[in-house]
Structure formats: C-alpha cells, structure tokens
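Asker: Next up is a structure, given as structure tokens.
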Amino acid sequence: MRRPLVAGNWKMHGSRAENSALVSAILQGLSGDDGVEVAVCPPFVYLADVIRAVKDTPVAVGAQNVCAEPVGAFTGEVSSAMLRDIGCKYVIVGHSERRQIYREDDALVARKFLAVQQQKLTPILCVGETLEEREKTETEHVVARQLDAVLAVAGIGALAQAVVAYEPVWAIGTGKNATPEQAQAVHAFIRGRLARQDANIGGAIRILYGGSVKAANAGELFGMPDVDGGLVGGASLKGEEFMRICGAARS
Ligand code: PGA
Numbered sequence: 021m022r023r024p025l026v027a028g029n030w031k032m033h034g035s036r037a038e039n040s041a042l043v044s045a046i047l048q049g050l051s052g053d054d055g056v057e058v059a060v061c062p063p064f065v066y067l068a069d070v071i072r073a074v075k076d077t078p079v080a081v082g083a084q085n086v087c088a089e090p091v092g093a094f095t096g097e098v099s100s101a102m103l104r105d106i107g108c109k110y111v112i113v114g115h116s117e118r119r120q121i122y123r124e125d126d127a128l129v130a131r132k133f134l135a136v137q138q139q140k141l142t143p144i145l146c147v148g149e150t151l152e153e154r155e156k157t158e159t160e161h162v163v164a165r166q167l168d169a170v171l172a173v174a175g176i177g178a179l180a181q182a183v184v185a186y187e188p189v190w191a192i193g194t195g196k197n198a199t200p201e202q203a204q205a206v207h208a209f210i211r212g213r214l215a216r217q218d219a220n221i222g223g224a225i226r227i228l229y230g231g232s233v234k235a236a237n238a239g240e241l242f243g244m245p246d247v248d249g250g251l252v253g254g255a256s257l258k259g260e261e262f263m264r265i266c267g268a269a270r271s
C-alpha cells in the first residue's frame, strides 16, 4: 500500500552536459509501470533545466535545501515559494551534511519543514545518528529527538504529507551501508513513534533508507518491511546503476 520512492540526491555534482546525459539515461531506463516513484534532486541552479527535461514524464524533481524564511533580505537563499514556482515536488530538509557542515539544528530543520509544507511541497526529512552516537547506543534517542523537533512545531497531521529518510551518518558516502536488519530496526522505531500519535499516518508514511545504497545492496534493504525505498547519493549519478536501484524498489 506504500508506493516506494527512490530519490537521487546529486549533492554538489553535475554540469549541464552531465545532467542532460544522466536524465536521458533515467528516462530511457523507466519501466513504464508505476510501481515505484523516481525523483532526482539536482543543485539549485540546475533545477529549472531538469524540471524542463522531465516534463510530462513520471520523474519528480526535488531540491536539496531551502530557506526557512518566506521572502526578504536573505542573500544567497532560495524560498519554498520559488521552488514551487518552478515546479519542484520534493525538498530535502535536515540532510546530515547540512546539519554537520552548515550547523543546522533541529529547530531550524523544523522551520524548513514547515516552510516547505506551507507551499504544498513535500519535505523529505532526514534523520540519523553518527557513528559515535550509535556506539553509545543513542541511535533511537537521536532519531526521536530529530523527529520530535518537527512534530512539536508541525504536529503529527503534517506527517501525512511528508517523507522521512533514515540516513545513518556513518553510512553516507562511506561505502559502508547499514545492514538490512539495522535499517529495519530504526525504520520500525520511527514508524512506531509516529503510529503512537496517529496509527494511519504511521502506517502510511514512506520511510526511505539512505547511506551507501547501490544496486548490489538495494534489493535486500528495500526488501525489509518498513523500508519504502531509498535516498541515494553517489550511486544516483550513474544512470544505469540508479535505474537498477529503482528496479529493486519495484520488486
Ligand atoms: P550516499 O549518500 O548514497 O552517497 O551514501 C546518501 C545521502 O547522503 O543522501
């Protein structure tokens, strides 16, 4: 009943030429059935180009970040209204690279989540623990804190129009993915925490796994009962590999 989503997070990669080749490979690789939703999240400057390139196809486009403020004197920032204006569907909020490198805290991530929803876009809320936190058995505590910060300002009802991505920080870009069992345990924890407040929303929300997903491990990760697809970084830059990952979510 939950339609899987595989979203490619291109991070700060690409060029007009590379993006055009990648989008062509994705469009060629689409199977024609709609058992899985495919999305790509290019850097801001390429969003409009990519949106144009996938127009009238099932591929959705998301942004990697957004400003929490609606409009005004915020040099260098991009608002949710602008993302909506050009045709984005998704916006990643709270990616660990934003949290760690750009010092985004739980409260700011929650405000970004709200800003995205106010424009009727769908936030992909990233949560996840560092290696140190996992080793101290704080995984659930950290993920709960990150989720609760959003629930506190947005309310459980807001999660009806959102996607959660569990991305253990130690698995991102390291080649060391969480095992399917490790991912499943945290996904079940997240779903359970949401279901406690609203059983329907907890049951329906898509929870993506992210962190070194590749074609070789996607099948076993997506095969877990609470894993509803993936947020894919490095492997989303290779068209054929990315489409194999999308295929793994379908079966
Ligand atoms: P990765 O990145 O697939 O390269 O590990 C995932 C992410 O950061 O979303």
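Residue 213 in the numbering used here sits at position 193 of the sequence shown, and the numbers go up by one each step. Built from N, CA and C at the ideal position, the CB exists for glycine as well. The structure displayed is predicted, hence computed values, not measured ones.
What does residue 229 pair with, by DSSP beta-bridge criteria?
Answerer: Within the sequence shown, numbered from 1, the residue matching residue 229 stands at position 209. DSSP lists 186, 250 as partners of residue 229.
Asker: Give a single yes or no on whether residue 31 has its beta carbon closer than 8 angstroms to a heavy atom of the ligand PGA.
Answerer: Looking up residue 31 in the sequence shown gives position 11. Under cutoff, so the answer is yes.
Asker: For residue 248, count neighbouring C-beta atoms within 10 Å of its own C-beta (all shown protein chains included) and say buried if the count is 16 or more, exposed if not.
Answerer: Here residue 248 corresponds to residue number 228 of the sequence shown, with the count starting at 1. Classification of residue 248: buried, given that the 10 Å Cβ count is 16 or more.
Asker: Among the residues of its own chain, which have a CB less than 8 angstroms from the CB of residue 221, if the five just before and after it don't count?
Answerer: In the sequence shown, residue 221 corresponds to position 201, counting from 1. Hits under 8 angstroms: 176, 177, 179, 180, 214, 215.
Asker: With a threshold of 7 angstroms on Cβ separation, who are the neighbours of residue 39 within its own chain once the five nearest residues in sequence on each side are excluded?
Answerer: If you number the sequence shown from 1, residue 39 lands on position 19. The residues are 62, 66, 69, 70.
Asker: DSSP beta-bridge partners for residue 83?
Answerer: As a position in the sequence shown, residue 83 is number 63, starting the count at 1. Answer is 111, bridged to residue 83.
Asker: My output table needs one value for residue 197: the three-state DSSP class, helix, strand or coil.
Answerer: Residue 197 sits at position 177 when you count from the first residue of the sequence shown. DSSP places residue 197 in coil when its eight states are reduced to three.
Asker: From which residue to which residue does the beta strand (DSSP E) around residue 42 run?
Answerer: By one-based count along the sequence shown, residue 42 stands at place 22. Note, residue 42: premise wrong, no beta strand (DSSP E); alpha helix (DSSP H) at 36-49.
Asker: Since residue 144 sits in a beta bridge, which residues does DSSP pair it with?
Answerer: Translated into positions along the sequence shown, residue 144 becomes position 124. DSSP output for residue 144 lists 112, 183 as bridge partner(s).
Asker: Could you pull out every unbroken beta strand (DSSP E) segment of at least 3 residues lying fully inside the stretch 131-175, listed in chain order?
Answerer: 142-147
Asker: Measuring alpha carbon to alpha carbon, tell me which of 144, 89, 116, 257 ends up nearest residue 99.
Answerer: Translated into the one-based positions of the sequence shown, residue 99 becomes position 79. The shortest Cα separation from residue 99 among 144, 89, 116, 257 belongs to 89.
Asker: Contact between the stretch 227-238 and the stretch 182-191: three or more CB pairs below 8 angstroms?
Answerer: yes
Asker: For residue 131, which residues in the same chain have their Cβ closer than 6 angstroms to its Cβ, ignoring the five residues on either side in sequence?
Answerer: For the purposes of this step, residue 131 is taken as the residue at position 111 of the sequence shown. The beta carbon of residue 131 sits closer than 6 angstroms to the beta carbons of 88 from its chain, once the five residues preceding and following it are set aside; these are given in chain order.
Asker: Would you call the CB atoms of residue 189 and residue 150 closer than 9 angstroms?
Answerer: By one-based count along the sequence shown, residue 189 stands at place 169. By one-based count along the sequence shown, residue 150 stands at place 130. Yes, these two residues count as a Cβ contact at 9 angstroms.
Asker: Count the other C-beta atoms from every protein chain shown that fall within 10 angstroms of the C-beta of residue 232, then say buried if there are 16 or more, exposed otherwise.
Answerer: Against the sequence shown, residue 232 aligns to sequence position 212. Buried, since its Cβ has 16 or more Cβ neighbours within 10 Å.
Asker: Along the chain, where does the alpha helix (DSSP H) containing residue 89 start, and where does it finish?
Answerer: Here residue 89 refers to the residue found at position 69 of the sequence shown. Segment: none, residue 89 is in no alpha helix (DSSP H) and carries neither H nor E.
Asker: Using beta-carbon positions only, say whether residue 209 and residue 155 come within less than 9 angstroms of one another.
Answerer: Working through the sequence shown from its first residue, we reach residue 209 at position 189. Working through the sequence shown from its first residue, we reach residue 155 at position 135. Cβ distance not < 9 angstroms, so residue 209 and residue 155 don't count as in contact.
Asker: Let me know if residue 110 comes out buried or exposed under the rule of 16 or more other beta-carbons within 10 Å of its beta-carbon.
Answerer: Working through the sequence shown from its first residue, we reach residue 110 at position 90. Residue 110 comes out buried.
Asker: Beta carbon of residue 108: closer than 8 angstroms to some heavy atom of the ligand PGA?
Answerer: Along the sequence shown, one-based indexing puts residue 108 at 88. The answer is no for residue 108.
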